[in-house]
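Take a look at the structure below.
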Amino acid sequence: MKNTTTRLLLIEDDPSVATRINDALAASGRDTHGSFHLVWAPTLDGALRQLAGNTEPLESPAPLEPLIDAADGTIGDLPYSAILLGLTHTDHCDIEAFDRITAAAPELPVLLLGDADDPVLERQALRRGAQAYLPRTLLRNGNLGNASWLFHTLHNAIERKLLIRSLKQTEAELQTERQRFHAVLASASDGIIALDAEGRITHMNAVAEKLSGWPLHEALDRPLADIYRTIDGKTRQPVESTLDRMLRENRSSGFGTSAILLHRDNGEFSIEDALTQFRDPAGQTTGSLLVFRDVGDTQGMAMKMAYLAQHDALTGLPNRSLMHDRLAQAVTLAGRYSRKAALLYMDVDRFKNINDSLGHPIGDKLLQVIADRLLTCVRYSDTVSRQGGDEFVILLTEIEQSHDAAICAEKILNALSRPIAIDSHQIYITSSIGISLYPDDGKDTEALIRSADLAMYHAKAGGRANFQFFRQTMNERLVQRQSLEDTLRNALKKRQFILHYQPKIDLENGAITGAEALVRWNHPERGLISPALFVPVAEECGLMQQIGQWVLREACRQMQNWQNAGLDVGRVAVNISTPEFRSRNFVNDVRDALAETGMAAEYLEIELKEAALMADLEHAQSRLSELKELGVNIAIDDFGTGHSSLRQLKRFPIDSLKIDRSFVQCMTKDPADAAIVSAVISMGKSLNYRVVAEGVETREQHLFLQANLCDESQGHHFSRPLNAEGFTALMTRNPSHSAELH
10 MKNTTTRLLL IEDDPSVATR INDALAASGR DTHGSFHLVW APTLDGALRQ LAGNTEPLES
70 PAPLEPLIDA ADGTIGDLPY SAILLGLTHT DHCDIEAFDR ITAAAPELPV LLLGDADDPV
130 LERQALRRGA QAYLPRTLLR NGNLGNASWL FHTLHNAIER KLLIRSLKQT EAELQTERQR
190 FHAVLASASD GIIALDAEGR ITHMNAVAEK LSGWPLHEAL DRPLADIYRT IDGKTRQPVE
250 STLDRMLREN RSSGFGTSAI LLHRDNGEFS IEDALTQFRD PAGQTTGSLL VFRDVGDTQG
310 MAMKMAYLAQ HDALTGLPNR SLMHDRLAQA VTLAGRYSRK AALLYMDVDR FKNINDSLGH
370 PIGDKLLQVI ADRLLTCVRY SDTVSRQGGD EFVILLTEIE QSHDAAICAE KILNALSRPI
430 AIDSHQIYIT SSIGISLYPD DGKDTEALIR SADLAMYHAK AGGRANFQFF RQTMNERLVQ
490 RQSLEDTLRN ALKKRQFILH YQPKIDLENG AITGAEALVR WNHPERGLIS PALFVPVAEE
550 CGLMQQIGQW VLREACRQMQ NWQNAGLDVG RVAVNISTPE FRSRNFVNDV RDALAETGMA
610 AEYLEIELKE AALMADLEHA QSRLSELKEL GVNIAIDDFG TGHSSLRQLK RFPIDSLKID
670 RSFVQCMTKD PADAAIVSAV ISMGKSLNYR VVAEGVETRE QHLFLQANLC DESQGHHFSR
730 PLNAEGFTAL MTRNPSHSAE LH
């Protein structure tokens, strides 16, 4: 209180006492370099008005020294630091006065001025919270002794009250922090247990209650080991608790290796936990906080992610990555113990046609059935994997001889030859299998896979629905195939492709109504190469779309040349592959070809496979509508080999149907094929489509088609495909444009 001014409120009806107190305080201030400012209220009611903020001047019963302010409000809004209350007043009862003052100013220390001969009153006031008792007789007699006595009494009273106020404020702040702490614990997603220095529980949140099975009121003051019991997830043996381990090592811990927390009711949770210790300035542990979490979902998700990373999402079989790992293990073991292993590389024959015609959902279900059937053909120790698409790889471990692999391959061929019912479809499939053996055909995973893959392609080339063991001569064929691919790319650059044209004949009058453009490879050394030899390779290496664009432009250019020469060829038909039709720029390619050559769109006919339309009905309908807006004609090629229905067919803006040659060639010998051809002709007529039969090679076939009112036909019976010069000569020597029948 040095060098400060302390404001006091004196409630006393005796002016002489007030003066003596003022003198004593003035003297003590000089001794201590501090001062008191005394505000005097002669009556209790006046003092209460002052405490209530009413600063009206109070009547002073007698003049006092300048230090005393007669409570007239001249001090401004400075607060009082203490109250001196005389208990003998004319306007109030003694103890009642104390109660009224403390009610009006509960935060201020109150010192009593009382008579020494009234100990009962003194005790009552002290019990009610008075800070000190000052005998008035001493003040009246002027026997104050050392003036600092009064100063120190007031000083101690004020400091004591301030200390109490500070303690209450600190307690309130601690309570607020405690509430905030409990709110954080309650909202935490982890289990939290607070412990004292002995490891006994002082608090736990709701998550901890749930995971342990112990409610807080039962867990309080229990050792942690009573409610937090953990075991090893693998051995099922009890493990040292995090608390015991950290106390033993005298340190805190982060989240460690997961364990199993045993629930009170015999349940289990996979958990991770961490512990933080609290220490005093001397370094002694005062408590700790255990945090733990249920990682069962996290572990489950991690296991699921690991499973998906190594398994095919559609079939659930091991994928390419896991197969490589298992094959590497099998090779290592087989090499160590001088054993054999076999790798079967299997591909579903013509799966793309099934996918395109029936749709991808049916194709996916078919792959799932295939996976299930493959699993029935192998041992538990073997591995069946899906490499992607319609390719599967089967690893046979610990076989005695190559014949064991052949037996497995036969089982697979037989299992997949049985019809597969999916939705309303009865599907028949075959497969081609290539087999490589360890160590004969390779001593590492890549070599074995490459050899089996190559053998599988030879199985396909050998007619499909069979299996082939790898032979070294296959490598030579692989080199030849790669050479063919390279030569194809070079042929495209050097424009070695040419078009031949096969005329279409009107079966009613024999007139030539158009021509189908057919691509040929004019190899500088091998001569003309049939598309049957190079188209599959071109499709596999991605060249078919570029070749198709060239065919489209060249056919339009040649047709325009014939028209400029005065030859009425009719329409030129161009075959479009499924990848070309699905290409985003296909319609633009057609538009550009017409614009570049100047040919009218009505003289161009686009031939599309039935399967290309059925693969995506909405896309096909939209794309065909765009083509019709250009003015081109549209034909469905190889009709009858797909799975379209009459309802689906009506959706497409097509002009003609081409009956597949497989039906035409057998229709004069097989009643079933004859019925199919007749039905297609009748259906086409009913829908106002022109019907074209392809592959007509005999007079009997020609007469059958005429009798059934087929519109047009083409085939060797009328003319083989001719180059542009030959076709021009045919048209020139037949002014009526009638075909020469053989």
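Quick note: the sequence shown uses this note's numbering, first residue 10, plus one each step. Each residue gets a CB set at the ideal place from its N, CA and C atoms; glycine is no exception.
Its chain contains 118 and 140 as the residues whose beta carbon lies nearer than 8 Å to that of residue 169, once the 5 sequence neighbours on both sides are disregarded; these appear in chain order. For the alpha helix (DSSP H) assignment, the uninterrupted runs of no fewer than 4 residues enclosed by the segment 653-698 are, from N- to C-terminal side, 655-658, 670-675 and 680-695. Distance check between residue 62 and each of 51, 47, 89 and 432 places 89 closest, using alpha-carbon atoms only.
Each residue's CA atom was taken as its position, placing residue 35 and residue 22 some 20 Å apart. Distance from the CA atom of residue 421 to the CA atom of residue 620, rounded to whole angstroms, is 27 Å. For residue 119, the enclosing beta strand (DSSP E) covers residues 119-123.
Counting only the Cα atoms, residue 382 lies some 7 Å from residue 425. Distance check between residue 715 and each of 611, 686 and 280 places 686 closest, using alpha-carbon atoms only. In the DSSP assignment, residue 235 falls within the unbroken alpha helix (DSSP H) covering 233-236. For the segment 391-433, the full-length alpha helix (DSSP H) segments reaching 4 residues or more read 411-426 along the chain. Of the candidates 366, 134, 622 and 478, the residue whose Cα lies closest to the Cα of residue 416 is 478.
C-alpha of residue 568 to C-alpha of residue 612: approximately 8 Å in a straight line.
Put simply, of 342, 625 and 474 the residue whose alpha carbon is nearest the alpha carbon of residue 423 is 474. In terms of Cβ geometry, residue 277 and residue 304 do not form a close pair [threshold 8 Å]. Across the structure, residue 648 and residue 566 are spaced so that their CA atoms are roughly 28 Å apart. Across the structure, residue 500 and residue 506 are spaced so that their CA atoms are roughly 7 Å apart. By the C-beta density criterion, residue 681 is exposed, having fewer than 16 other C-beta atoms within 10 angstroms.
Residue burial annotation: residue 183 is exposed, with fewer than 16 other C-beta atoms found within 10 angstroms of its C-beta. Nearest to residue 341 by alpha-carbon distance, out of 452, 726 and 368, is 452.
Annotation for residue 236: 221, 223 and 228 place their beta carbon closer than 6 Å to its own, counting only its chain and skipping 5 residues before and after.
At a Cβ-Cβ threshold of 8 Å, residue 622 and residue 661 count as neighbours. In chain order, 372 place their CB closer than 6 Å to the CB of residue 364, counting only its own chain and leaving out the 5 sequence neighbours on each side.
Per the DSSP secondary-structure output, residue 296 pairs in a beta bridge with 205 and 287.
Residue 378 and residue 408 have their alpha carbons spaced roughly 26 Å apart. The C-beta separation of residue 120 from residue 56 comes to about 14 Å, leaving the pair out of contact by the 8 Å criterion. DSSP places residue 22 outside both helix and strand once states are collapsed to three, so it counts as coil. DSSP, read as helix, strand or coil, puts residue 477 in strand.
Assigned with DSSP and collapsed to three states, residue 245 falls in coil, not helix or strand. DSSP, read as helix, strand or coil, puts residue 706 in coil. Between the alpha carbons of residue 434 and residue 359 lies a gap of roughly 16 Å. Here the C-alpha atom of residue 669 lies approximately 39 Å from the C-alpha atom of residue 414.
Contiguous beta strand (DSSP E) elements confined to the segment 158-213 occur at 200-205 and 210-213, taking only those with 3 or more residues. Residue 706 is a Cβ neighbour of residue 674, given a cutoff of 8 Å.
Counting along the chain, residue 357 sits inside the beta strand (DSSP E) bounded by residues 349-357. In terms of Cα proximity to residue 511, the closest of 603, 410, 270 and 730 is 730. Per DSSP, residue 616 is one residue of the beta strand (DSSP E) stretching across 613-618.
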